[in-house]
Amino acid sequence: MSLRKFISNKTIAALAVIVTAFASTSAFAQEAAAAKPVDMGPVYKSVIFYTMAFLLLCLFIAIIGKALKVYELTREAQDKPKGINWNTINGVLFALFLIVGLYGVYWEYTVHGKMILPEAASEHGKKIDQMFNITLIITTIVFILTHIVLFAFAYVYRYTGKRKAYYYPHNNALERLWTIIPAVVLTVLVLMGFLTWRSIFYKIPDPNNKPLSIEITSSQFAWAIRYSGADGVVGTKNYKLITSDNALGIDFKDKNTLDDQLAEEMVLPVNKPVRLILTSKDVLHSFYMPHFRVQLNTVPGMTSYFEFTPTITTEEMKAKTNDPKFEYLFLCAKICGEGHYKMQRKVRVVSQQEYDTWVAQLPTYLTDDLRKQFNMPVTAAPATAPADTAAKDTSAVKTNQIALKK
7 MSLRKFISNK TIAALAVIVT AFASTSAFAQ EAAAAKPVDM GPVYKSVIFY TMAFLLLCLF
67 IAIIGKALKV YELTREAQDK PKGINWNTIN GVLFALFLIV GLYGVYWEYT VHGKMILPEA
127 ASEHGKKIDQ MFNITLIITT IVFILTHIVL FAFAYVYRYT GKRKAYYYPH NNALERLWTI
187 IPAVVLTVLV LMGFLTWRSI FYKIPDPNNK PLSIEITSSQ FAWAIRYSGA DGVVGTKNYK
247 LITSDNALGI DFKDKNTLDD QLAEEMVLPV NKPVRLILTS KDVLHSFYMP HFRVQLNTVP
307 GMTSYFEFTP TITTEEMKAK TNDPKFEYLF LCAKICGEGH YKMQRKVRVV SQQEYDTWVA
367 QLPTYLTDDL RKQFNMPVTA APATAPADTA AKDTSAVKTN QIALKK
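Under my numbering, the final residue of the sequence shown carries the number 412; numbering is consecutive throughout.
Here is the structure:
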(Lines of atoms letter the chains of each structure in order from A and count residues from 1; the text may use other names and numbers.)
(Lines give C-alpha, C1' and ligand atoms only; values in the text may rest on other atoms or scores of the structure.)
Protein backbone atom coordinates (compact mmCIF):
# COMPACT_ATOMS: atom_id res chain seq x y z
CA MET A 1 0.00 0.00 0.00
CA SER A 2 1.40 3.38 -1.04
CA LEU A 3 1.80 6.24 1.43
CA ARG A 4 -0.93 8.24 -0.31
CA LYS A 5 -3.44 5.40 -0.08
CA PHE A 6 -2.41 4.77 3.53
CA ILE A 7 -3.12 8.40 4.50
CA SER A 8 -6.44 8.55 2.60
CA ASN A 9 -7.70 5.26 4.07
CA LYS A 10 -10.86 5.97 6.14
CA THR A 11 -10.13 3.37 8.79
CA ILE A 12 -6.62 4.71 9.40
CA ALA A 13 -7.98 8.27 9.55
CA ALA A 14 -10.66 7.30 12.08
CA LEU A 15 -8.09 5.52 14.24
CA ALA A 16 -5.83 8.58 14.10
CA VAL A 17 -8.67 10.81 15.30
CA ILE A 18 -9.51 8.42 18.17
CA VAL A 19 -5.86 8.15 19.25
CA THR A 20 -5.41 11.93 19.13
CA ALA A 21 -8.55 12.53 21.17
CA PHE A 22 -7.53 9.89 23.73
CA ALA A 23 -4.01 11.30 24.04
CA SER A 24 -5.34 14.85 24.48
CA THR A 25 -7.85 13.70 27.10
CA SER A 26 -5.18 11.75 29.01
CA ALA A 27 -2.83 14.72 29.01
CA PHE A 28 -5.59 17.03 30.21
CA ALA A 29 -6.53 14.56 32.96
CA GLN A 30 -2.92 14.32 34.16
CA GLU A 31 -2.59 18.10 34.29
CA ALA A 32 -5.89 18.37 36.14
CA ALA A 33 -4.80 15.74 38.66
CA ALA A 34 -1.48 17.49 39.28
CA ALA A 35 -3.07 20.91 39.63
CA LYS A 36 -5.09 22.11 42.59
CA PRO A 37 -8.75 20.88 42.40
CA VAL A 38 -11.16 23.56 41.28
CA ASP A 39 -14.66 23.95 42.70
CA MET A 40 -16.91 23.73 39.64
CA GLY A 41 -20.14 24.18 41.56
CA PRO A 42 -20.58 27.90 40.75
CA VAL A 43 -19.69 27.21 37.10
CA TYR A 44 -22.38 24.56 36.74
CA LYS A 45 -24.94 26.98 38.18
CA SER A 46 -24.17 29.77 35.70
CA VAL A 47 -26.19 30.50 32.57
CA ILE A 48 -23.01 31.03 30.52
CA PHE A 49 -21.90 27.43 31.12
CA TYR A 50 -25.11 25.93 29.73
CA THR A 51 -25.20 28.44 26.87
CA MET A 52 -21.68 27.45 25.85
CA ALA A 53 -22.50 23.74 26.21
CA PHE A 54 -25.54 24.17 23.95
CA LEU A 55 -23.52 26.07 21.35
CA LEU A 56 -20.78 23.40 21.43
CA LEU A 57 -23.41 20.68 20.93
CA CYS A 58 -24.83 22.58 17.96
CA LEU A 59 -21.30 22.99 16.55
CA PHE A 60 -20.61 19.27 16.97
CA ILE A 61 -23.83 18.35 15.15
CA ALA A 62 -23.00 20.80 12.37
CA ILE A 63 -19.50 19.33 11.95
CA ILE A 64 -20.88 15.79 11.78
CA GLY A 65 -23.46 16.92 9.21
CA LYS A 66 -20.84 18.65 7.06
CA ALA A 67 -18.56 15.59 7.24
CA LEU A 68 -21.39 13.33 6.09
CA LYS A 69 -22.25 15.79 3.31
CA VAL A 70 -18.63 15.77 2.10
CA TYR A 71 -18.67 11.97 2.22
CA GLU A 72 -21.79 11.81 0.04
CA LEU A 73 -20.47 14.39 -2.44
CA THR A 74 -17.19 12.48 -2.70
CA ARG A 75 -18.99 9.24 -3.56
CA GLU A 76 -21.16 11.08 -6.05
CA ALA A 77 -18.08 12.64 -7.73
CA GLN A 78 -16.51 9.20 -8.00
CA ASP A 79 -19.73 7.78 -9.60
CA LYS A 80 -20.19 5.41 -6.69
CA PRO A 81 -23.61 4.41 -5.25
CA LYS A 82 -24.85 6.25 -2.18
CA GLY A 83 -23.10 4.95 0.90
CA ILE A 84 -25.81 5.74 3.44
CA ASN A 85 -29.48 4.87 2.99
CA TRP A 86 -31.03 7.69 4.99
CA ASN A 87 -34.56 6.43 4.49
CA THR A 88 -33.71 3.17 6.23
CA ILE A 89 -31.81 4.97 8.99
CA ASN A 90 -34.72 7.35 9.63
CA GLY A 91 -37.20 4.47 9.66
CA VAL A 92 -35.10 2.51 12.16
CA LEU A 93 -34.68 5.61 14.31
CA PHE A 94 -38.46 6.09 14.36
CA ALA A 95 -38.92 2.46 15.47
CA LEU A 96 -36.27 2.80 18.18
CA PHE A 97 -37.76 6.08 19.36
CA LEU A 98 -41.16 4.39 19.65
CA ILE A 99 -39.74 1.58 21.81
CA VAL A 100 -37.76 3.97 24.02
CA GLY A 101 -40.75 6.34 24.32
CA LEU A 102 -43.17 3.58 25.34
CA TYR A 103 -40.69 2.35 27.93
CA GLY A 104 -40.38 5.95 29.16
CA VAL A 105 -44.16 6.13 29.64
CA TYR A 106 -44.09 2.86 31.58
CA TRP A 107 -41.14 4.06 33.69
CA GLU A 108 -42.83 7.37 34.50
CA TYR A 109 -46.02 5.64 35.65
CA THR A 110 -44.21 3.07 37.80
CA VAL A 111 -41.56 5.40 39.29
CA HIS A 112 -43.22 8.83 39.43
CA GLY A 113 -46.87 7.76 39.33
CA LYS A 114 -47.31 7.95 43.09
CA MET A 115 -45.86 11.47 43.10
CA ILE A 116 -48.61 12.92 40.89
CA LEU A 117 -51.11 13.57 43.67
CA PRO A 118 -50.90 13.04 47.44
CA GLU A 119 -53.84 11.30 49.10
CA ALA A 120 -56.91 13.52 49.19
CA ALA A 121 -57.77 14.70 52.72
CA SER A 122 -61.20 16.19 51.97
CA GLU A 123 -64.61 14.93 50.86
CA HIS A 124 -64.64 16.62 47.47
CA GLY A 125 -60.96 15.68 46.93
CA LYS A 126 -62.01 12.11 46.11
CA LYS A 127 -64.25 13.39 43.30
CA ILE A 128 -61.41 15.55 41.95
CA ASP A 129 -59.02 12.58 41.99
CA GLN A 130 -61.56 10.33 40.28
CA MET A 131 -62.07 12.88 37.50
CA PHE A 132 -58.30 13.36 37.17
CA ASN A 133 -57.63 9.60 36.96
CA ILE A 134 -60.31 9.00 34.32
CA THR A 135 -58.94 11.84 32.19
CA LEU A 136 -55.37 10.59 32.62
CA ILE A 137 -56.28 7.00 31.65
CA ILE A 138 -58.16 8.09 28.53
CA THR A 139 -55.45 10.48 27.34
CA THR A 140 -52.71 7.88 28.03
CA ILE A 141 -54.50 5.24 25.93
CA VAL A 142 -55.00 7.72 23.08
CA PHE A 143 -51.38 8.87 23.36
CA ILE A 144 -49.99 5.32 23.15
CA LEU A 145 -52.23 4.18 20.28
CA THR A 146 -51.67 7.26 18.13
CA HIS A 147 -47.91 7.15 18.59
CA ILE A 148 -47.73 3.44 17.79
CA VAL A 149 -49.60 4.13 14.53
CA LEU A 150 -47.50 7.24 13.76
CA PHE A 151 -44.04 5.72 14.29
CA ALA A 152 -44.96 2.28 12.93
CA PHE A 153 -46.17 3.87 9.68
CA ALA A 154 -42.92 5.84 9.43
CA TYR A 155 -40.94 2.60 9.69
CA VAL A 156 -43.11 0.18 7.67
CA TYR A 157 -43.79 2.58 4.82
CA ARG A 158 -40.34 4.13 4.55
CA TYR A 159 -39.14 4.79 1.01
CA THR A 160 -37.41 1.84 -0.64
CA GLY A 161 -37.87 2.60 -4.33
CA LYS A 162 -39.76 -0.69 -4.83
CA ARG A 163 -43.29 0.59 -4.36
CA LYS A 164 -45.38 3.63 -5.23
CA ALA A 165 -47.34 5.64 -2.67
CA TYR A 166 -51.12 5.28 -2.86
CA TYR A 167 -53.02 8.54 -3.19
CA TYR A 168 -55.85 8.47 -0.62
CA PRO A 169 -57.62 11.84 -0.69
CA HIS A 170 -60.89 11.31 1.18
CA ASN A 171 -62.89 8.90 3.32
CA ASN A 172 -66.17 10.03 4.91
CA ALA A 173 -66.47 7.02 7.25
CA LEU A 174 -62.97 7.55 8.65
CA GLU A 175 -63.54 11.28 9.18
CA ARG A 176 -66.83 10.62 10.98
CA LEU A 177 -65.06 8.11 13.19
CA TRP A 178 -62.23 10.40 14.31
CA THR A 179 -64.64 13.33 14.76
CA ILE A 180 -67.55 11.72 16.61
CA ILE A 181 -65.54 9.57 19.06
CA PRO A 182 -63.35 12.45 20.41
CA ALA A 183 -66.42 14.72 20.55
CA VAL A 184 -68.35 12.19 22.67
CA VAL A 185 -65.38 11.55 25.00
CA LEU A 186 -64.69 15.26 25.49
CA THR A 187 -68.39 15.95 26.13
CA VAL A 188 -68.45 13.30 28.86
CA LEU A 189 -65.30 14.74 30.46
CA VAL A 190 -66.67 18.30 30.34
CA LEU A 191 -69.98 17.24 31.89
CA MET A 192 -68.13 15.32 34.60
CA GLY A 193 -66.09 18.42 35.41
CA PHE A 194 -69.16 20.65 35.40
CA LEU A 195 -71.10 18.39 37.77
CA THR A 196 -68.07 18.05 40.06
CA TRP A 197 -67.67 21.84 40.12
CA ARG A 198 -71.34 22.34 41.02
CA SER A 199 -71.15 19.77 43.80
CA ILE A 200 -68.28 21.75 45.34
CA PHE A 201 -69.46 25.34 44.91
CA TYR A 202 -73.25 24.98 45.10
CA LYS A 203 -73.91 23.02 48.25
CA ILE A 204 -77.27 22.89 50.02
CA PRO A 205 -76.70 24.35 53.51
CA ASP A 206 -77.31 22.02 56.43
CA PRO A 207 -78.77 23.95 59.39
CA ASN A 208 -77.66 21.19 61.78
CA ASN A 209 -74.04 21.32 60.62
CA LYS A 210 -73.13 24.92 59.84
CA PRO A 211 -69.64 25.46 58.42
CA LEU A 212 -66.82 27.07 60.35
CA SER A 213 -66.07 30.49 58.81
CA ILE A 214 -62.42 31.50 58.37
CA GLU A 215 -61.24 34.59 56.52
CA ILE A 216 -57.90 34.46 54.68
CA THR A 217 -56.38 37.76 53.55
CA SER A 218 -53.36 37.68 51.24
CA SER A 219 -50.75 40.39 50.85
CA GLN A 220 -47.17 40.70 49.68
CA PHE A 221 -45.86 38.43 51.18
CA ALA A 222 -47.96 37.03 54.03
CA TRP A 223 -51.32 35.59 55.01
CA ALA A 224 -53.69 36.86 57.70
CA ILE A 225 -56.02 34.27 59.27
CA ARG A 226 -59.17 35.55 61.02
CA TYR A 227 -61.58 33.21 62.81
CA SER A 228 -65.22 34.14 63.31
CA GLY A 229 -65.27 33.89 67.09
CA ALA A 230 -68.13 32.67 69.30
CA ASP A 231 -70.90 34.16 67.11
CA GLY A 232 -69.77 32.14 64.09
CA VAL A 233 -69.84 35.22 61.81
CA VAL A 234 -66.79 36.98 60.39
CA GLY A 235 -67.29 40.72 60.68
CA THR A 236 -67.08 43.18 57.80
CA LYS A 237 -64.04 45.22 56.81
CA ASN A 238 -63.26 48.23 54.65
CA TYR A 239 -59.97 48.99 52.94
CA LYS A 240 -60.44 52.69 53.79
CA LEU A 241 -60.05 51.81 57.48
CA ILE A 242 -56.61 50.21 57.07
CA THR A 243 -54.03 51.72 59.42
CA SER A 244 -50.82 50.55 61.08
CA ASP A 245 -52.89 49.25 64.01
CA ASN A 246 -55.84 48.04 61.96
CA ALA A 247 -53.94 46.20 59.22
CA LEU A 248 -57.04 44.43 57.86
CA GLY A 249 -59.31 47.47 57.90
CA ILE A 250 -61.87 45.90 60.25
CA ASP A 251 -65.08 47.92 60.68
CA PHE A 252 -65.81 47.78 64.41
CA LYS A 253 -69.23 49.34 63.95
CA ASP A 254 -70.26 45.83 62.98
CA LYS A 255 -70.82 43.96 66.26
CA ASN A 256 -69.82 40.69 64.59
CA THR A 257 -66.21 41.91 64.51
CA LEU A 258 -65.86 42.29 68.28
CA ASP A 259 -65.13 38.59 68.93
CA ASP A 260 -63.15 37.84 65.77
CA GLN A 261 -59.81 36.14 66.47
CA LEU A 262 -56.39 36.17 64.79
CA ALA A 263 -54.29 33.03 64.34
CA GLU A 264 -50.76 32.25 63.17
CA GLU A 265 -51.74 28.84 61.81
CA MET A 266 -54.92 27.29 60.48
CA VAL A 267 -56.43 24.64 62.75
CA LEU A 268 -59.45 22.71 61.50
CA PRO A 269 -61.74 20.20 63.22
CA VAL A 270 -61.96 16.92 61.32
CA ASN A 271 -65.23 16.09 59.51
CA LYS A 272 -66.47 19.64 60.07
CA PRO A 273 -67.36 21.76 57.01
CA VAL A 274 -65.11 24.82 56.63
CA ARG A 275 -66.08 27.94 54.70
CA LEU A 276 -63.10 29.99 53.52
CA ILE A 277 -63.53 33.70 52.82
CA LEU A 278 -60.69 34.75 50.52
CA THR A 279 -59.59 38.35 49.91
CA SER A 280 -56.44 40.20 48.85
CA LYS A 281 -54.96 43.53 49.94
CA ASP A 282 -52.67 44.25 47.00
CA VAL A 283 -52.13 41.96 43.99
CA LEU A 284 -53.51 38.70 42.64
CA HIS A 285 -52.59 35.68 44.78
CA SER A 286 -53.76 32.08 44.69
CA PHE A 287 -54.81 30.23 47.84
CA TYR A 288 -53.67 26.61 47.45
CA MET A 289 -54.10 23.62 49.77
CA PRO A 290 -52.81 20.63 47.75
CA HIS A 291 -53.85 17.83 50.13
CA PHE A 292 -57.39 19.20 50.37
CA ARG A 293 -57.72 19.89 46.61
CA VAL A 294 -58.47 23.54 47.33
CA GLN A 295 -57.25 26.29 45.03
CA LEU A 296 -58.85 29.63 44.37
CA ASN A 297 -57.52 33.05 43.44
CA THR A 298 -57.62 35.91 45.91
CA VAL A 299 -58.49 39.03 43.93
CA PRO A 300 -58.17 42.65 45.15
CA GLY A 301 -61.59 44.23 45.55
CA MET A 302 -63.44 40.93 45.37
CA THR A 303 -64.38 38.26 47.91
CA SER A 304 -64.23 34.56 46.95
CA TYR A 305 -65.57 31.58 48.87
CA PHE A 306 -64.61 27.92 49.07
CA GLU A 307 -66.25 25.30 51.28
CA PHE A 308 -64.74 21.89 52.02
CA THR A 309 -64.67 19.23 54.73
CA PRO A 310 -61.34 17.79 55.98
CA THR A 311 -61.49 14.03 56.56
CA ILE A 312 -58.01 13.01 57.73
CA THR A 313 -56.31 14.46 60.79
CA THR A 314 -52.66 15.46 60.79
CA GLU A 315 -51.75 12.55 63.08
CA GLU A 316 -53.57 10.07 60.83
CA MET A 317 -51.75 11.42 57.78
CA LYS A 318 -48.41 11.08 59.58
CA ALA A 319 -49.20 7.40 60.09
CA LYS A 320 -50.39 6.97 56.48
CA THR A 321 -47.29 8.57 55.01
CA ASN A 322 -44.95 7.06 57.64
CA ASP A 323 -43.53 10.55 58.11
CA PRO A 324 -43.50 11.87 61.69
CA LYS A 325 -42.63 15.36 60.38
CA PHE A 326 -45.56 15.55 57.96
CA GLU A 327 -47.48 18.85 57.92
CA TYR A 328 -50.40 20.16 55.92
CA LEU A 329 -49.69 23.54 54.31
CA PHE A 330 -51.44 26.23 52.37
CA LEU A 331 -49.43 28.20 49.84
CA CYS A 332 -49.61 30.89 47.19
CA ALA A 333 -49.78 29.35 43.70
CA LYS A 334 -49.26 32.65 41.85
CA ILE A 335 -45.86 34.20 41.27
CA CYS A 336 -46.78 37.40 43.09
CA GLY A 337 -43.33 38.95 43.53
CA GLU A 338 -39.84 38.34 44.86
CA GLY A 339 -41.10 37.13 48.25
CA HIS A 340 -43.57 34.63 46.76
CA TYR A 341 -41.68 31.65 48.22
CA LYS A 342 -42.35 32.87 51.78
CA MET A 343 -46.15 32.67 51.48
CA GLN A 344 -46.95 29.46 53.29
CA ARG A 345 -48.63 28.61 56.58
CA LYS A 346 -49.14 25.43 58.55
CA VAL A 347 -52.51 23.68 58.68
CA ARG A 348 -53.45 21.27 61.47
CA VAL A 349 -56.49 18.99 61.33
CA VAL A 350 -57.47 17.85 64.82
CA SER A 351 -60.42 16.43 66.72
CA GLN A 352 -63.31 18.69 67.69
CA GLN A 353 -62.22 18.67 71.34
CA GLU A 354 -58.66 19.70 70.46
CA TYR A 355 -59.99 22.44 68.23
CA ASP A 356 -62.29 23.81 70.96
CA THR A 357 -59.37 23.94 73.40
CA TRP A 358 -57.13 25.67 70.85
CA VAL A 359 -59.62 28.26 69.65
CA ALA A 360 -60.54 29.26 73.21
CA GLN A 361 -56.94 30.47 73.69
CA LEU A 362 -56.82 32.65 70.57
CA PRO A 363 -56.54 36.42 71.11
CA THR A 364 -59.22 38.68 69.66
CA TYR A 365 -58.37 41.03 66.83
CA LEU A 366 -59.80 43.96 68.84
CA THR A 367 -57.07 45.20 71.21
CA ASP A 368 -57.09 48.07 73.72
CA ASP A 369 -55.17 50.25 71.26
CA LEU A 370 -57.87 49.73 68.66
CA ARG A 371 -60.56 50.46 71.25
CA LYS A 372 -58.94 53.82 71.98
CA GLN A 373 -58.56 54.57 68.28
CA PHE A 374 -62.25 53.91 67.62
CA ASN A 375 -63.47 55.55 70.85
CA MET A 376 -64.66 52.27 72.33
CA PRO A 377 -64.62 51.37 76.03
CA VAL A 378 -61.28 49.90 77.06
CA THR A 379 -61.32 46.51 78.73
CA ALA A 380 -61.63 46.91 82.48
CA ALA A 381 -58.67 45.92 84.68
CA PRO A 382 -59.11 42.67 86.61
CA ALA A 383 -60.80 43.16 89.98
CA THR A 384 -58.81 42.67 93.20
CA ALA A 385 -59.35 39.37 94.96
CA PRO A 386 -61.83 39.54 97.93
CA ALA A 387 -59.28 38.09 100.35
CA ASP A 388 -56.81 40.90 99.69
CA THR A 389 -59.55 43.51 100.05
CA ALA A 390 -60.62 42.10 103.39
CA ALA A 391 -57.05 42.11 104.63
CA LYS A 392 -56.59 45.74 103.62
CA ASP A 393 -59.87 46.74 105.26
CA THR A 394 -58.92 44.98 108.52
CA SER A 395 -55.54 46.70 108.68
CA ALA A 396 -57.20 50.04 108.04
CA VAL A 397 -59.71 49.48 110.87
CA LYS A 398 -56.89 48.55 113.26
CA THR A 399 -54.97 51.69 112.33
CA ASN A 400 -58.02 53.87 112.96
CA GLN A 401 -58.62 52.22 116.32
CA ILE A 402 -55.04 52.89 117.42
CA ALA A 403 -55.36 56.51 116.36
CA LEU A 404 -58.60 56.93 118.35
CA LYS A 405 -57.01 55.48 121.49
CA LYS A 406 -54.21 57.98 121.24
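Idealized CB from N, CA, C, for every residue including glycine.
Length of the line joining the Cα atoms of residue i and residue j
i: glutamine 226; j: leucine 254; result: 13 Å
i: valine 191; j: methionine 121; result: 27 Å
i: glycine 47; j: phenylalanine 55; result: 11 Å
i: glycine 119; j: proline 296; result: 16 Å
i: methionine 272; j: glutamate 114; result: 35 Å
i: valine 305; j: leucine 337; result: 15 Å
i: alanine 387; j: glycine 345; result: Confidence at alanine 387 is low in this model, with a pLDDT of 48, below 50, so its placement is unreliable and the value that follows should be read with caution. Alanine 387 and glycine 345: Cα-Cα distance of roughly 41 Å.
i: arginine 182; j: aspartate 212; result: 48 Å
i: glycine 71; j: valine 53; result: 27 Å
i: threonine 202; j: phenylalanine 332; result: 29 Å
i: methionine 308; j: aspartate 135; result: 29 Å
i: asparagine 244; j: serine 310; result: 16 Å
i: arginine 164; j: threonine 116; result: 33 Å
i: threonine 185; j: cysteine 64; result: 41 Å
i: tryptophan 364; j: lysine 352; result: 15 Å
i: lysine 340; j: tyrosine 174; result: 49 Å
i: lysine 75; j: glutamine 84; result: 14 Å
i: phenylalanine 100; j: phenylalanine 207; result: 48 Å
i: lysine 412; j: lysine 378; result: Bear in mind that a pLDDT of 38 at lysine 412, under 50, signals an unreliable position, so the model cannot answer this.
i: threonine 327; j: tyrosine 361; result: 23 Å
i: arginine 169; j: tryptophan 92; result: 17 Å
i: leucine 3; j: valine 111; result: With the chain covering 7 to 412 only, the question about residue 3 has no answer from this structure.
i: valine 239; j: threonine 370; result: 14 Å
i: tyrosine 347; j: alanine 325; result: 28 Å
i: lysine 51; j: methionine 58; result: 13 Å
i: methionine 382; j: aspartate 329; result: 49 Å
i: lysine 86; j: leucine 61; result: 35 Å
i: asparagine 178; j: valine 106; result: 35 Å
i: lysine 246; j: asparagine 303; result: 22 Å
i: arginine 81; j: leucine 180; result: 46 Å
Proximity to residue i [Cα-Cα], best of the options
i: asparagine 252; options: Asp375, Ile70, Leu74, Glu78; result: Asp375
i: glutamate 322; options: Ala126, Lys120, Phe55, Trp113; result: Ala126
i: leucine 156; options: Leu108, Lys132, Thr57, Thr166; result: Leu108
i: glutamine 301; options: Met308, Thr309, Gly307, Ser292; result: Ser292
i: leucine 123; options: Met308, Gly110, Met137, Trp113; result: Met137
i: leucine 335; options: Leu274, Thr57, Val76; result: Leu274
i: valine 2; options: Pro217, Lys75, Ile105; result: A question about residue 2 goes unanswered here, because the residues of the chain that appear run from 7 up to 412.
i: isoleucine 90; options: Thr57, Leu62, Leu65, Thr166; result: Thr166
i: histidine 130; options: Ile186, Lys340, Gly199; result: Gly199
i: isoleucine 210; options: Ala101, Thr370, Leu102, Glu313; result: Glu313
Cβ neighbour criterion (16 or more within 10 Å) applied to residue i
i: aspartate 266; result: buried
i: lysine 261; result: exposed
i: phenylalanine 298; result: buried
i: isoleucine 69; result: exposed
i: glycine 241; result: buried
i: threonine 315; result: buried
i: alanine 73; result: exposed
i: isoleucine 67; result: exposed
i: isoleucine 140; result: exposed
i: cysteine 342; result: buried
i: isoleucine 256; result: buried
i: tyrosine 77; result: exposed
i: tyrosine 172; result: exposed
Distance CB(residue i)-CB(residue j) smaller than 8 Å
i: serine 205; j: lysine 278; result: no
i: threonine 249; j: serine 128; result: no
i: threonine 319; j: valine 384; result: no
i: methionine 349; j: alanine 228; result: yes
i: isoleucine 231; j: isoleucine 283; result: no
i: leucine 264; j: leucine 368; result: no
i: histidine 153; j: leucine 104; result: yes
i: glutamate 258; j: phenylalanine 149; result: It is worth fixing the name first, because residue 258 is phenylalanine in this sequence and not glutamate. No, the Cβ-Cβ distance between phenylalanine 258 and phenylalanine 149 is not below 8 Å.
Any chain C beta carbon closer than 8 Å to residue i
i: tryptophan 364; result: Chain labels in this structure do not include chain C; a single protein chain is all it has.
Contact test: residue i Cβ vs the ligand NAP heavy atom, cutoff 7 Å
i: tyrosine 109; result: Looking for the ligand NAP in the displayed structure turns up nothing, as the structure carries no ligands at all.
**Contact between the segment 94–111 and the segment 157–173 (3+ Cβ pairs under 8 Å)** = yes
**Message:** Can you confirm whether the segment 215–226 touches the segment 283–299 when touching is taken to mean that 3 or more C-beta pairs between the two stretches lie within less than 8 Å?
**Reply:** yes
**Message:** Does the contact criterion of 3 or more C-beta pairs under 8 Å hold for the segment 348–364 versus the segment 232–245?
**Reply:** no
**Asked** Counting pairs of beta carbons, one from the segment 189–198 and one from the segment 134–148, are three or more of them closer than 8 Å?
**Response** yes
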